[in-house]
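Undergrad: Heads up, the sequence shown is in numbering that gives the first Met the number 0, so the first residue is 0 and it goes up one at a time.
My structure is below; once you've seen it, I'll send some questions.
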Amino acid sequence: MDSAKTCVTKFKSFAILLFTPILMLPFVILVPDKVCIQYMKDTNMLFLGSLIVAVAVERWKLHKRIALRMLLLVGTKPSRLMLGFMFVTAFLSMWISNTAATAMMMPIVEAMLQQMIAANTAVEASQGTLELLDKNKASELPGSQVVFEDPSVQEQEDEETKNMYKAMHLCVCYSASIGGTATLTGTGPNVVLLGQMQELFPDSKDVLNYASWFGFAFPNMVMMLVLAWLWLQCLYMRHNLKKTCICCGEKKRDTEKIAYKVLNEEYQKLGSLSYPECNVLFCFTLLVILWFSRDPGFMPGWLSFAWVEGNTVHITDATVAIFVAILLFIIPSQKPKFNFSSQTEEERKTPFYPPALLDWKVAQEKVPWDIVLLLGGGFAMAKGCETSGLSKWMAAQMEPLRLVKPAVITLILSCLVAMTTECTSNVATTTLFLPIFASMARSIGIHPLYVMIPCTMSASLAFMLPVATPPNAIVFAYGHLRVVDMMKTGLIMNFVGILSVFLSVNTWGRAVFNLDNFPDWANSTSVNT
């Protein structure tokens, strides 16, 4: 586990390098104020507000309660349990970081698997004792022969146990990466896409917002999760899948009981729903409702009632995120006591207003500020590439792609991004490629989002290497997986992800974002030197 923490936190020592655009770009093309503003754009504040809400959810362990409750409802058969782990991890990764979701789920998975293996061993031992007694009785009969158990049977069961560990561990890290794609703030590349759209196409207005992205990306997430579950089942748990369909007697029932017992014990440790958990749940629900109802697209949202003046929008998704984040620093974590007459001397000495759900010390420690700076540094570099004309020059080199069908272009570029993100940060990958792809799309006359969305989602398809993403590193550190296992499984997962994204963009994505028509806002850009 220490190696995973080292891998996850290694980048923090280089966080100071994220300020180098402020130092270097003024020497080349941009004045300092144009560089510095990239570090605190509307997109950065949206990401920061969502991170603060996620910190509150983690602090009061609301995410753990939600996860365990959902797992208890899913059931404890191995195949259903794995599907439950995948959907729970993906759901958590939609709202909190994929690293935090993986780090929380893995101890639960590990404890449950250990208990299930111990239960299987106990059942096998009891069955072996009964068989031995029967054999001793049978040996007393004339002409009887004692038949010993084939060692290959034990080896097969050991192999099945190893495969179950591999499948359960991989399903967590894969679903953490997949789940983040479903929301606009679920993962860094999505936030980069939003920021690049606002920077490169300022007249695009609200074509890409929380509701429109969710309407497109959530069905894609569900499809990818189901396909990933089927692939892991076929590769590692074929025997368990057969046993699910055929009654396997006492051993199967005891394994399911043990799994349910472990999950139920963990849930009981949390106790009843506490006052601060209720308040955090209220704030979280309020945030989601305000995000979706601000400008849903198919009907007027609350934004249109008072906060739109001509073409000027006074409230964005970032405003909502910061509003709810501020509420977390105000709403109390304990019930205020108004009955002063019945209070003891000790109670009167305590402050009337209890501590808030969050304080700045906790937020300062838990918020990953390096990711916020990484976004800012990426936006600054993208602005430099755009202003200097580098993005246009590179897009001009792709002019021959005009002769290729747009669907083939997106497929090729998605494969390129998916291969690149295995070795580099997904945020850095999208920051590097999106301005180039946007200029290319404008020059060859296709909708920019038709290229930018597949490449953004492909940046989250880092499934092959332990170092490709923090969830992979955390899972790999438990010692049940080899690099070969991850590469073998992740290679097919990459193809599954790319094809899922390709299918989504070319079906309902066309309707959500009107991808068949070249938009007027794509003809104008804002390049200020």
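The beta-carbon is built from N, C-alpha and C at its ideal position, and this holds for glycine as well.
List the DSSP bridge partners of Pro331.
TA: Counted from its first residue, the sequence shown places residue 331 at position 332. Residue pairing for Pro331: DSSP places it in a beta bridge opposite Ala355.
Undergrad: Using the rule of at least 16 other Cβ atoms within 10 Å of the residue's Cβ for burial, across every protein chain shown, is Asp157 buried or exposed?
TA: Residue 157 sits at position 158 when you count from the first residue of the sequence shown. In summary, Asp157 is exposed, with fewer than 16 beta-carbon neighbours lying within 10 Å of its beta-carbon over all protein chains present.
Undergrad: Could you check the C-alpha separation between Leu183 and Pro465 for me, to the nearest Å?
TA: Translated into the one-based positions of the sequence shown, residue 183 becomes position 184. Translated into the one-based positions of the sequence shown, residue 465 becomes position 466. The alpha-carbon separation between Leu183 and Pro465 amounts to approximately 25 Å.
Undergrad: Can you tell me which of the three DSSP states Phe281 falls into?
TA: As a working note, residue 281 is residue 282 in the sequence shown. Helix, per DSSP.
Undergrad: Along the chain, where does the alpha helix (DSSP H) containing Lys487 start, and where does it finish?
TA: The count along the sequence shown starts at 1 and reaches residue 487 at position 488. Counting along the chain, the alpha helix (DSSP H) containing Lys487 begins and ends at Val482 to Val504.
Undergrad: Quick check: the Cα distance between Leu389 and Lys40, rounded to an integer number of angstroms?
TA: Working through the sequence shown from its first residue, we reach residue 389 at position 390. Working through the sequence shown from its first residue, we reach residue 40 at position 41. Distance between the alpha carbons of Leu389 and Lys40 is about 22 Å.
Undergrad: I'd like the list of long-range same chain contacts for Gly489, defined as Cβ closer than 6 Å, with 5 residues on each side in sequence excluded.
TA: In the sequence shown, the residue the question calls residue 489 occupies position 490. Correct list, in chain order: Phe462 and Met463.
Undergrad: Could you spell out the range, first to last residue, of the alpha helix (DSSP H) harbouring Lys382?
TA: Taking the sequence shown and counting its residues from 1, the one referred to as residue 382 is at position 383. Trp368 to Ser387 is the span of the alpha helix (DSSP H), which, as asked, contains Lys382.
Undergrad: When you compare only the Cα positions, how much space is there between Ile435 and Ser503?
TA: Counting from 1 along the sequence shown, the entry for residue 435 is found at position 436. Counting from 1 along the sequence shown, the entry for residue 503 is found at position 504. Using only the alpha carbons, I get a separation of about 23 Å.
Undergrad: Once the 5 residues before and after Lys161 are set aside, which same chain residues still bring their CB inside 8 Å of it?
TA: Reading the sequence shown from its first residue, position 162 is the one you call residue 161. Excluding sequence neighbours, Lys161 sits near His479.
Undergrad: Going by other Cβ atoms of all chains shown within 10 Å of its Cβ, with 16 needed for buried, is Gln195 buried or exposed?
TA: Within the sequence shown, numbered from 1, the residue matching residue 195 stands at position 196. So Gln195 ends up on the buried side.
Undergrad: Give every residue of the same chain whose Cβ lies closer than 7 Å to the Cβ of Met69, excluding the five residues on either side of it in the sequence, and list them in chain order.
TA: Position 70 of the sequence shown, counted from the start, is the residue given in the question as residue 69. So the qualifying residues of the chain are Gly83 and Val87.
Undergrad: Taking the alpha helix (DSSP H) that Thr409 falls in, what are its first and last residues?
TA: Here residue 409 refers to the residue found at position 410 when the sequence shown is read from its first residue. From DSSP, the alpha helix (DSSP H) with Thr409 extends over Pro405 to Thr419.
Undergrad: My parser needs the alpha helix (DSSP H) runs of 4 or more residues fully inside the segment 168 to 206; what are they?
TA: Segments of the alpha helix (DSSP H) lying fully in the segment 168 to 206: 187 to 199.
Undergrad: So does the segment 163 to 178 actually touch the segment 85 to 101, counting three or more Cβ pairs closer than 8 Å?
TA: Judged by Cβ distances under 8 Å, the segment 163 to 178 makes contact with the segment 85 to 101, as three or more pairs qualify.
Undergrad: Going straight from the alpha carbon of Asn189 to that of Met103, what length do you get?
TA: For the purposes of this step, residue 189 is taken as the residue at position 190 of the sequence shown. For the purposes of this step, residue 103 is taken as the residue at position 104 of the sequence shown. Cα-Cα distance, rounded: 23 Å.
Undergrad: Are Leu71 and Leu262 close, meaning C-beta to C-beta below 7 Å?
TA: The sequence position of residue 71 within the sequence shown is 72, counting from 1. The sequence position of residue 262 within the sequence shown is 263, counting from 1. Yes, the Cβ-Cβ distance between Leu71 and Leu262 is below 7 Å.
Undergrad: On a CA-only basis, which of Tyr352, Trp368 and Ala394 is nearest Arg441? Give me that one, please.
TA: One-based indexing of the sequence shown puts residue 441 at position 442. Cα-wise, what sits closest to Arg441 is Ala394.
Undergrad: Use the C-beta contact count for Ala137: other C-beta atoms within 10 angstroms, 16 or more gives buried, fewer gives exposed.
TA: Your numbering for residue 137 matches position 138 in the sequence shown. With a pLDDT of only 47 at Ala137, under the threshold of 50, the placement of this residue in the model should not be trusted; the figure read from the coordinates follows. Exposed.
Undergrad: CB-CB under 6 Å to Phe512, same chain, minus the five flanking residues each way: which ones, in chain order?
TA: Reading the sequence shown from its first residue, position 513 is the one you call residue 512. Hits under 6 Å: Leu448.
Undergrad: When you compare each of Gln363, Arg293, Leu357 and Leu514 to Ala317 by their alpha carbons, which one comes out closest?
TA: Walking along the sequence shown from the start, residue 317 turns up at place 318. Ala317 has its Cα closest to that of Arg293, out of Gln363, Arg293, Leu357 and Leu514.
Undergrad: Only counting the same chain, and skipping five residues up and downstream in sequence, which positions put a Cβ closer than 6 Å to that of Met222?
TA: Against the sequence shown, residue 222 aligns to sequence position 223. The answer, listed in chain order, is Ser499.
Undergrad: So, for Met451: in the same chain, excluding its five sequence neighbours on each side, which residues have a beta-carbon less than 7 Å away from its beta-carbon?
TA: For the purposes of this step, residue 451 is identified with residue 452 of the sequence shown, where counting begins at 1. For Met451, the CB contacts under 7 Å within the same chain, skipping 5 residues up- and downstream, are Leu192, Leu433, Phe436 and Ala437 in chain order.
Undergrad: Going by the beta-carbon positions, is the gap between Pro275 and Ser332 smaller than 7 Å?
TA: The residue you call residue 275 lines up with position 276 of the sequence shown. The residue you call residue 332 lines up with position 333 of the sequence shown. Contact: yes.
Undergrad: Count the C-beta pairs between the segment 295 to 304 and the segment 263 to 282 that are closer than 8 Å, then say yes if the count reaches three, no if not.
TA: The segment 295 to 304 is not in contact with the segment 263 to 282.
Undergrad: Is it true that the segment 276 to 283 meets the segment 49 to 63, where meeting means three or more beta-carbon pairs spaced less than 8 Å apart?
TA: yes
Undergrad: The alpha helix (DSSP H) that contains Ile452, what's its start and end?
TA: One-based indexing of the sequence shown puts residue 452 at position 453. Pro447 to Ser457 is the span of the alpha helix (DSSP H), which, as asked, contains Ile452.
Undergrad: Go ahead and label Val279 buried or exposed: buried means 16 or more other beta carbons lie within 10 angstroms of its beta carbon, across all protein chains shown.
TA: In the sequence shown, counting from the first residue as 1, residue 279 sits at position 280. Under this definition Val279 is a buried residue.
Undergrad: Kindly give me the distance between the Cβ atoms of Ile497 and Cys414, rounded to whole angstroms, as I take these residues to be in contact under 8 Å.
TA: The residue given as residue 497 occupies position 498 in the sequence shown. The residue given as residue 414 occupies position 415 in the sequence shown. Yes, they are in contact, since the Cβ atoms of Ile497 and Cys414 sit about 6 Å apart, within 8 Å.
Undergrad: Which class does Phe322 belong to by DSSP, given the choice of helix, strand or coil?
TA: One-based indexing of the sequence shown puts residue 322 at position 323. Note: Phe322 maps to helix in three-state DSSP.
Undergrad: Rank Leu67, Ala117, Gly444 and Val483 by C-alpha distance to the C-alpha of Ala100 and give the top, closest one.
TA: For the purposes of this step, residue 100 is taken as the residue at position 101 of the sequence shown. That would be Leu67, whose Cα lies nearest to the Cα of Ala100.
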